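Contents: one structure, followed by commentary.
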Amino acid sequence: MTASPALAASSRLADLLRAGRPLVMGVLNVTPDSFSDGGKFLDPATAIAQAERMVAAGADIVDVGAESTRPYGGAEPVTADDEIARLAPVLPAVVAMGVPVSIDTMKAAVAAWALDHGAAILNDVWGLQRDPEMAPLAARRGVPIVVMHNRETADPAIDIVADVEAFFARSLAVAADAGLPAEQIVLDPGIGFGKTPAQSLATLAATRRFLGFGRPLLIGASRKRFIDSVSPAPPDQRIGGSIAAHLLAVLDGAAIVRVHDVPETVQALRVAAAIRTAE
Numbered sequence: 225m226t227a228s229p230a231l232a233a234s235s236r237l238a239d240l241l242r243a244g245r246p247l248v249m250g251v252l253n254v255t256p257d258s259f260s261d262g263g264k265f266l267d268p269a270t271a272i273a274q275a276e277r278m279v280a281a282g283a284d285i286v287d288v289g290a291e292s293t294r295p296y297g298g299a300e301p302v303t304a305d306d307e308i309a310r311l312a313p314v315l316p317a318v319v320a321m322g323v324p325v326s327i328d329t330m331k332a333a334v335a336a337w338a339l340d341h342g343a344a345i346l347n348d349v350w351g352l353q354r355d356p357e358m359a360p361l362a363a364r365r366g367v368p369i370v371v372m373h374n375r376e377t378a379d380p381a382i383d384i385v386a387d388v389e390a391f392f393a394r395s396l397a398v399a400a401d402a403g404l405p406a407e408q409i410v411l412d413p414g415i416g417f418g419k420t421p422a423q424s425l426a427t428l429a430a431t432r433r434f435l436g437f438g439r440p441l442l443i444g445a446s447r448k449r450f451i452d453s454v455s456p457a458p459p460d461q462r463i464g465g466s467i468a469a470h471l472l473a474v475l476d477g478a479a480i481v482r483v484h485d486v487p488e489t490v491q492a493l494r495v496a497a498a499i500r501t502a503e
């Protein structure tokens, strides 16, 4: 009996992680209100064309989301039916491109629909701590899940690194209670989410600490506001800062970087790897 598309793609992800090089996850927002692209890819044909460009440029994974999580507030909540309606004309077409597809959602119902239509990875921006059905779903389906740190609001007074570590510990406990093996989990410290710009910088600087959980790390610093706090620029002009953050994260052990600007990031990682090999 042949494996389902989701399980086959999950196996490819595991193989990629074993290859010993950082993976590039391309961001595809099928939303009208993303902070980074303002709904540029809401039209299905435009979204599919963007996915094709990312795959051609070397994206290892395409992360498709249909509800903006806007890390700085102001996101408009949508129903599961609304998310699925936005995903239906796009996600299966991206799956057909042959790279693992992740579904960026905080709703287990949407995640289940996406898995049924070929998604291989779950990406939960509330780290198994919002929808109680998310961990059991990942456990039943046997697929990888990205567990991201989040907070309702930023609190500049807290030790953000300790907060991330405590959140991860809770998420791993939730996973264990649901029968979800730690081996299926990728951790994401949630750059920009529930954090001040200074806290995002501190979180990035602590990448090596998070390796202590023994799980692969995903870093999504792409176009985030902390870049603007260091070198003022609108989101679509933060490529340099995004690449700097991701290169340092990879040097500190990150396994996956989640980016909007795939060609530039792939080029930067390949050149950095070639330089290190030459050494």
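Numbering (my numbering), first residue to last: 225 to 503.
Here a beta-carbon is modelled for each residue, glycine too, at the ideal position from N, C-alpha and C.
All of these numbers come straight from a predicted model, not from anything done at the bench.
Can you list, in chain order, the residues of its chain with a C-beta nearer than 7 Å to that of residue i? Leave out the 5 residues immediately preceding and following it.
{"i": "residue 348", "result": "330, 358, 369, 370, 371, 372"}
{"i": "residue 355", "result": "330, 331, 332"}
{"i": "residue 498", "result": "none"}
{"i": "residue 456", "result": "none"}
I'd like to know whether the C-beta atoms of residue i and residue j end up nearer to each other than 8 Å.
{"i": "residue 251", "j": "residue 424", "result": "no"}
{"i": "residue 398", "j": "residue 461", "result": "no"}
{"i": "residue 442", "j": "residue 486", "result": "no"}
{"i": "residue 367", "j": "residue 311", "result": "no"}
{"i": "residue 463", "j": "residue 488", "result": "yes"}
{"i": "residue 304", "j": "residue 279", "result": "no"}
{"i": "residue 510", "j": "residue 440", "result": "Limits of the chain in this structure are 225 at one end and 503 at the other, which puts residue 510 out of reach."}
{"i": "residue 246", "j": "residue 479", "result": "yes"}
{"i": "residue 421", "j": "residue 388", "result": "no"}
{"i": "residue 449", "j": "residue 477", "result": "no"}
{"i": "residue 469", "j": "residue 428", "result": "yes"}
{"i": "residue 454", "j": "residue 249", "result": "no"}
Is the CB of residue i under 8 Å away from at least one CB in chain C?
{"i": "residue 305", "result": "Here there is only one protein chain, and chain C is not present."}
Leaving aside the five residues before and after residue i along the sequence, list all residues of the same chain whose C-beta is less than 8 Å from its C-beta, in chain order.
{"i": "residue 244", "result": "none"}
{"i": "residue 471", "result": "492, 493, 496"}
{"i": "residue 406", "result": "396, 399, 400, 438, 439"}
{"i": "residue 500", "result": "none"}
{"i": "residue 225", "result": "For residue 225, the pLDDT reaches just 44, beneath the cut-off of 50, and the residue's location in the model is therefore unreliable, leaving the point undetermined."}
Which whole-angstrom value is the C-beta distance of residue i and residue j, which I expect to be below 8 Å?
{"i": "residue 431", "j": "residue 473", "result": "5 Å"}
{"i": "residue 375", "j": "residue 322", "result": "Between residue 322 and residue 375 the Cβ distance is about 36 Å, and since that is not below 8 Å, they are no contact."}
{"i": "residue 317", "j": "residue 272", "result": "5 Å"}
{"i": "residue 466", "j": "residue 483", "result": "6 Å"}
{"i": "residue 276", "j": "residue 291", "result": "With 8 Å as the limit, residue 276 and residue 291 do not qualify as a contact, their Cβ atoms being about 23 Å apart."}
{"i": "residue 319", "j": "residue 343", "result": "7 Å"}
Need the endpoints of the alpha helix (DSSP H) that residue i sits in, please.
{"i": "residue 387", "result": "384 to 401"}
{"i": "residue 471", "result": "463 to 475"}
{"i": "residue 415", "result": "That residue, residue 415, is in no alpha helix (DSSP H); it is neither H nor E in DSSP."}
{"i": "residue 305", "result": "304 to 311"}
{"i": "residue 437", "result": "It is not in any alpha helix (DSSP H) - residue 437 carries neither H nor E in the DSSP assignment."}
{"i": "residue 270", "result": "268 to 281"}
Where do the N-terminal and C-terminal ends of the beta strand (DSSP E) with residue i fall, by residue?
{"i": "residue 349", "result": "Unbroken run through residue 349: none, as it is neither H nor E."}
{"i": "residue 326", "result": "325 to 328"}
{"i": "residue 249", "result": "247 to 253"}
{"i": "residue 482", "result": "480 to 483"}
{"i": "residue 287", "result": "285 to 289"}
{"i": "residue 372", "result": "369 to 372"}
Apart from the five residues just before and just after residue i, which ones in its own chain have a Cβ nearer than 6 Å to its Cβ?
{"i": "residue 402", "result": "359, 360, 363"}
{"i": "residue 378", "result": "418, 419, 420"}
{"i": "residue 404", "result": "359, 362, 363"}
{"i": "residue 380", "result": "420"}
{"i": "residue 289", "result": "253, 328"}
{"i": "residue 337", "result": "308"}
{"i": "residue 451", "result": "462, 465"}
Could you tell me if the beta carbon of residue i falls within a distance shorter than 7 Å of some heavy atom in the ligand NAD?
{"i": "residue 436", "result": "By its list of ligands, the structure shown contains no ligand whatsoever, and the ligand NAD lies outside what it can speak to."}
message = Does the structure place the stretch 324 to 343 close enough to the stretch 380 to 398 that three or more beta carbon pairs sit under 8 Å?
response = no
ask   = Would you say the stretch 237 to 251 touches the stretch 274 to 290, given that touching needs at least three Cβ pairs under 8 Å?
value = yes
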